[in-house]
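2 protein chains.
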Amino acid sequence: MARLAPEWLREILRTLYQNRTVTRAEIIEATKLNPASVSHGLKALLQAGTILKVGELESNGGRRREVLNLNAEAAYFLAVDLEGTRMQFGLTNLVGDIRYRWSSDIDLSQSLPVESVLDGIQAVLKNLDAAQRSQLLAVGVSHPGFADSEGRVTAVNLNWSDFPLRAALERAFDLPVFMEDAHRTCILAERWLGAAKGSRNCMYVIVGNGVGVGVFADGRLLEGRDGIAGELGHVVLDSAATDPCRCGRTGCLEAVVSCPNIVRQYLEKIGASPERLAAYKVTEVFDRARQGDSSALAVVERVASRLGLAFSCLVNLFNPEIIVIGGDVVYGEDLILPRLRTELERRSLPRALAGVQLKVSSLGLDIGLKGAAALAFRQSLLNPVLLKKICSPMAAVRLHGGARKRKRGRRSVRGAR
Amino acid sequence: MARLAPEWLREILRTLYQNRTVTRAEIIEATKLNPASVSHGLKALLQAGTILKVGELESNGGRRREVLNLNAEAAYFLAVDLEGTRMQFGLTNLVGDIRYRWSSDIDLSQSLPVESVLDGIQAVLKNLDAAQRSQLLAVGVSHPGFADSEGRVTAVNLNWSDFPLRAALERAFDLPVFMEDAHRTCILAERWLGAAKGSRNCMYVIVGNGVGVGVFADGRLLEGRDGIAGELGHVVLDSAATDPCRCGRTGCLEAVVSCPNIVRQYLEKIGASPERLAAYKVTEVFDRARQGDSSALAVVERVASRLGLAFSCLVNLFNPEIIVIGGDVVYGEDLILPRLRTELERRSLPRALAGVQLKVSSLGLDIGLKGAAALAFRQSLLNPVLLKKICSPMAAVRLHGGARKRKRGRRSVRGAR
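In order, the protein sequences belong to chains A and B. The first sequence runs 432 to 848 under our numbering. The second sequence runs 432 to 848 under our numbering.
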């Protein structure tokens, strides 16, 4: 493996991750590497068992083309999603499939104890066998709020202020820990595994307990000076709005369109006591609107129109190809999206809006875990030690075993050839 | 020059462009290239005469360090600025100094004839001697509105719709033509030569006849899917606003804060006839406000507050280090900026705003030409033919002459050593 440029391996592995099943020619086209580098890299990865030959295609000229994919079980990651009202934990394999999961409620009324995060991870870990454990490479975390460069998280939802999450996880599990806030892990998941696959200019707008946007601009994840770009929830699009925001200001987008604020506005309109807020679900507001409840419809109208304005702001500033919307607000997709589109069309420059695809996330509740797994994969490629582990999986031992057996005259039946 | 990687030369030339006078060690640090590559590249560029040794510094250890800079006259560019009410044309040298300039008014009442652009360029060209002409590498254009991938410009100001500017210039002058819209050329100028030098996350907000933002995000110029990112002028920050925008919609930021709209609002407030609009200057509104005119003050208040809201939107979304403001609105800097800052502080997430520098452009009226020159330099480095020309200037002939003379025993007195 010594004479292989790490960049070749990274590019090949990224291509296989995003495309699952590809031919050599497709890898050459996607990576823009020269064919000799690709051949060199593929040979090493096939020998190691990181990628597998899963079939052959007959070409026009009669020459056969190998069909390749990643060995999904060549490595594992621990994915943690702290966004939302439930913590989710997953054991994910190399390609982001969730092999085992665990979840538990977050008690929003108190500060989340780190023990409950550690317990969730332990619940996943105890399901690994020894071989899997040795190929467990890293922890990926999708969290609400902000994290600083030391991995200290500040998140209103979790009642955390500069909470040293990364240090706690590294201490407990002796694994590298990679963290991003939820809107960025979600755009990673959408771009690598979901609706925005392969797009160079795409964005994921999360509208759940909070509101944020993850941006890929010109093929790169937007980070900003301190890695906190994308705070769409605290953009003020109506300076006259008096809706109180949990950040302490008024009129923030989040204070109008987040799910708890959809409920709040509805309860205010019908004169219900604010105490009912915790018990009431945003899906109930959507159900009322579907039944023609005028208060619910008025709230839906306001939320959709404000979201349309926010999306037009993104379209005008970023000139994207795709905007994916996710978070609990998509339970009201049938109500929100038509109104959102109308406002978006009214407010965007036609030239910037032309061709923009507006999609609802197809990754569902798993998006946080998938994003945390994609983050862990992506960061592991950049870490020389972890890249080496990916390129020499335990599975390789078994494969090499197979190869030795072949030398003794037994035919391999691996793969779909 | 054959065995030199073009990327080494590009990185060295970029560093010298941005820093003017540097040592070898500083180039190594800035480019992150290995010292041998830098030595190799510098040797070739010094021999060719693209860079010059302009002095020596005594180091601590007694070893002398060469001080280097670009040979400013190693190449020339034609810079064209079509933003604003006057067309500007400049002959710029390799480092972006304007060596000769020409300008003429734009008649806003009719479609700008391409002949007047060609005439302006001719007025500059006839001042070049033959040696300069042979090192004239490219035309850089800063234009209002949009350009498509073929260089067809659509700009309300110029009354152009899909006007084939690039083709016309290429045909007339047989030179490569590089074009960008004004907010992007301005951030290039600020980042390479001005207030945002070296910043990885910076933005330039132009508030003149139009409004737009040029963005460097994580060290790269934000382009978007069709290269039209940054349309801040058409973001709607107040859906109730009825100010008519020249784009056909209402309530766009530009319809409130652009200079013609500052004048319009003032004339409306004092009940003056709209016909006076063309004759009235934004500086007069600012003068009235300074004299305490309540109508002028009310307009200034609204404009500054709306700009503060827009800047907070940029701070929350992009998490920048520096925002530079330019365009004719800076004639009212003393009135606008304090109010803008107040609103910006009120509306931004403290964590995103902390440390953001708000600066007024220091490049003045030359920013469009400087930006067009920076664009032409930057693009020329990416063009193998032009890069080769930069790395083998006419000046090299004279320098090689000098070198030959040295061999015959005469000492060179070049530079400040």
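Where is the CB? At the ideal position from N, CA and C, for every residue including glycine.
Would you verify that the beta carbon of A475 (chain B) is, or is not, closer than 8 Å to some beta carbon of chain A?
-> Counting from 1 along the second sequence, the entry for residue 475 (chain B) is found at position 44. With 8 Å as the cut-off, A475 (chain B) does not count as an interface residue toward chain A.
Could you tell me the distance, in whole angstroms, from the CA atom of P437 (chain A) to the CA atom of R496 (chain B)?
-> Indexing the first sequence from 1 puts residue 437 (chain A) at position 6. Indexing the second sequence from 1 puts residue 496 (chain B) at position 65. R496 (chain B) has its alpha-carbon roughly 35 Å from the corresponding atom of P437 (chain A).
For a contact meaning CB atoms closer than 8 Å, what does L653 (chain B) contact in chain A?
-> Locating residue 653 (chain B) in the second sequence gives position 222, counting from the first residue. The answer, in chain order, is A648, D649 and F749.
Which chain A residues are close to G661 (chain B), counting only those with a beta carbon under 9 Å from its beta carbon?
-> If you number the second sequence from 1, residue 661 (chain B) lands on position 230. Within 9 Å Cβ-Cβ: N747, L748, F749 and N750.
Within the 8 Å Cβ cut-off, does R778 (chain A) reach chain B?
-> Here residue 778 (chain A) is taken as the residue at index 347 of the first sequence, counted from 1. Taking Cβ atoms only, chain B reaches closer than 8 Å to R778 (chain A), which makes this a yes.
Residues of its chain near A554 (chain B), where Cβ-Cβ distance is below 6 Å and the 5 sequence neighbours each way are ignored | Residue 554 (chain B) sits at position 123 when you count from the first residue of the second sequence. Excluding sequence neighbours, A554 (chain B) sits near W533.
With DSSP run on the structure shown, which of helix, strand or coil describes L567 (chain A)?
-> By 1-based counting over the first sequence, the position of residue 567 (chain A) is 136. Strand, per DSSP.
Three-pair Cβ contact test at 8 Å for the stretch 626-643 of chain A versus the stretch 603-610 of chain A = no
Spell out whether any CB of chain A is found under 8 Å from the CB atom of D593 (chain B).
-> As a first step, residue 593 (chain B) must be located in the second sequence, where it is residue number 162. D593 (chain B) does not count as touching chain A.
Residues of the stretch 707-741 of chain A with a CB closer than 9 Å to any CB of chain B: list them in chain order, please.
-> S736, R737 and L740
Who are the Cβ neighbours of A479 (chain B) in its own chain at under 7 Å, not counting the five residues just before and after it?
-> The sequence position of residue 479 (chain B) within the second sequence is 48, counting from 1. Only C822, S823, P824 and A827 meet the Cβ criterion.
Would you list, in sequence order, the uninterrupted alpha helix (DSSP H) runs of no fewer than 4 residues that lie entirely inside the stretch 804-828 of chain B?
-> 815-821
Between L768 (chain A) and R733 (chain A), what straight-line distance do the alpha-carbon atoms span, to the nearest angstrom?
-> On the first sequence, position 337 is the one that residue 768 (chain A) refers to. On the first sequence, position 302 is the one that residue 733 (chain A) refers to. When rounded, the distance between both Cα atoms is 12 Å.
Whole angstroms is fine: what's the gap from A749 (chain B)'s alpha carbon to G576 (chain A)'s?
-> Position 318 of the second sequence, counted from the first residue, corresponds to residue 749 (chain B). Position 145 of the first sequence, counted from the first residue, corresponds to residue 576 (chain A). In the sequence as presented, Ala is not what sits at residue 749 (chain B); that position holds Phe. Their Cα atoms are separated by approximately 16 Å.
Name the DSSP beta bridge partners of V584 (chain B), please?
-> Start at 1 with the first residue of the second sequence, and residue 584 (chain B) comes out as number 153. According to DSSP, which records beta bridges pairwise, V584 (chain B) is partnered with B:A578 and B:F594.
Short CB-CB distance (under 8 Å) between L668 (chain A) and chain B = Within the first sequence, residue 668 (chain A) is the residue found at index 237, counting from 1. With 8 Å as the cut-off, L668 (chain A) counts as an interface residue toward chain B.
Per-residue contacts from S534 (chain A) into chain B (C-beta, under 7 Å) = Here residue 534 (chain A) refers to the residue found at position 103 when the first sequence is read from its first residue. Going along chain B, no residue has its Cβ under 7 Å from S534 (chain A), so there is no contact; the nearest lies around 29 Å.
Do we get a CB-CB distance below 8 Å when we pair C744 (chain B) with the residues of chain A?
-> Numbered from 1 along the second sequence, position 313 holds the residue referred to as residue 744 (chain B). Answer yes: the Cβ-Cβ gap between C744 (chain B) and chain A drops below 8 Å somewhere.
Does the Cβ-Cβ distance between L476 (chain A) and I482 (chain A) come in under 8 Å?
-> Residue 476 (chain A) sits at position 45 when you count from the first residue of the first sequence. Residue 482 (chain A) sits at position 51 when you count from the first residue of the first sequence. It is a contact, given that the beta carbons lie within the stated cut-off.
Could you check what DSSP says for S547 (chain A) in three-state terms: helix, strand or coil?
-> Stepping through the first sequence from its first residue, residue 547 (chain A) is reached at position 116. Helix.
Under three-state DSSP, which class holds P675 (chain B)?
-> Along the second sequence, read from residue 1 onward, the residue named residue 675 (chain B) stands at position 244. Three-state DSSP puts P675 (chain B) in a strand.
Give the single residue among A:E776, A:G641, A:V713 and A:A807 whose Cα lies nearest to the Cα of E514 (chain A).
-> Here residue 514 (chain A) is taken as the residue at index 83 of the first sequence, counted from 1. Closest option to E514 (chain A), Cα to Cα, is A:G641.
Should C822 (chain B) be flagged as near chain A, meaning a C-beta pair shorter than 8 Å?
-> As a working note, residue 822 (chain B) is residue 391 in the second sequence. No, because no Cβ of chain A sits closer than 8 Å to the Cβ of C822 (chain B).
To the nearest angstrom, how far is it from the Cα of L813 (chain B) to the Cα of R441 (chain B)?
-> Locating residue 813 (chain B) in the second sequence gives position 382, counting from the first residue. Locating residue 441 (chain B) in the second sequence gives position 10, counting from the first residue. Distance between the alpha carbons of L813 (chain B) and R441 (chain B): 8 Å.
Contact check, R778 (chain B) vs L740 (chain B), beta carbons under 8 Å | Along the second sequence, read from residue 1 onward, the residue named residue 778 (chain B) stands at position 347. Along the second sequence, read from residue 1 onward, the residue named residue 740 (chain B) stands at position 309. Yes, the pair counts as a contact, with Cβ atoms nearer than the cut-off.
Could you check the C-alpha separation between D560 (chain B) and K700 (chain B) for me, to the nearest Å?
-> Mapped onto the second sequence, residue 560 (chain B) falls at position 129. Mapped onto the second sequence, residue 700 (chain B) falls at position 269. One C-alpha to the other measures close to 55 Å.
Starting from T773 (chain A), trace the alpha helix (DSSP H) both ways and give me its first and last residue.
-> One-based indexing of the first sequence puts residue 773 (chain A) at position 342. Start and end: E764 to R778.
Could you check which residue in B:A569, B:L543 and B:I693 has the C-alpha nearest to that of V761 (chain B)?
-> Looking up residue 761 (chain B) in the second sequence gives position 330. Ranking B:A569, B:L543 and B:I693 by Cα distance to V761 (chain B) puts B:I693 first.
Is there contact between the stretch 793-812 of chain A and the stretch 525-545 of chain A, where contact requires at least three CB pairs shorter than 8 Å?
-> yes
Separation of K484 (chain B) from I618 (chain B), as counted between CA atoms = Here residue 618 (chain B) corresponds to residue number 187 of the second sequence, with the count starting at 1. Here residue 484 (chain B) corresponds to residue number 53 of the second sequence, with the count starting at 1. When rounded, the distance between both Cα atoms is 30 Å.
Between the Cα of L624 (chain A) and the Cα atoms of A:L568, A:V755 and A:P466, which residue gives the shortest distance?
-> As a working note, residue 624 (chain A) is residue 193 in the first sequence. Checked all of A:L568, A:V755 and A:P466; the closest Cα to L624 (chain A) is A:V755.
So, are the CB atoms of A461 (chain B) and T446 (chain B) less than 8 Å apart?
-> One-based indexing of the second sequence puts residue 461 (chain B) at position 30. One-based indexing of the second sequence puts residue 446 (chain B) at position 15. It is a contact, given that the beta carbons lie within the stated cut-off.
Residue-level contact to chain B via CB, H665 (chain A), 8 Å cutoff | Residue numbering aside, residue 665 (chain A) sits at position 234 when the first sequence is read from its first letter. At least one chain B Cβ lies under 8 Å of H665 (chain A).
Using alpha carbons as the reference points, say which of A:L766, A:L444 and A:S547 lies closest to A720 (chain A).
-> Mapped onto the first sequence, residue 720 (chain A) falls at position 289. Considering only alpha carbons, the answer is A:L766.
Quick one: list the residues of chain B neighbouring N558 (chain A), beta-carbon separation under 9 Å, in chain order.
-> What you label residue 558 (chain A) is simply residue 127 of the first sequence in a count that begins at 1. Near N558 (chain A) there are no residues of chain B at all, since even the closest Cβ is about 38 Å away, more than 9 Å.
On the premise that L780 (chain B) lies in contact with F742 (chain B), defined as a C-beta separation below 8 Å, what is that separation, rounded to the nearest angstrom?
-> The count along the second sequence starts at 1 and reaches residue 742 (chain B) at position 311. The count along the second sequence starts at 1 and reaches residue 780 (chain B) at position 349. The Cβ separation is near 13 Å, so there is no contact.
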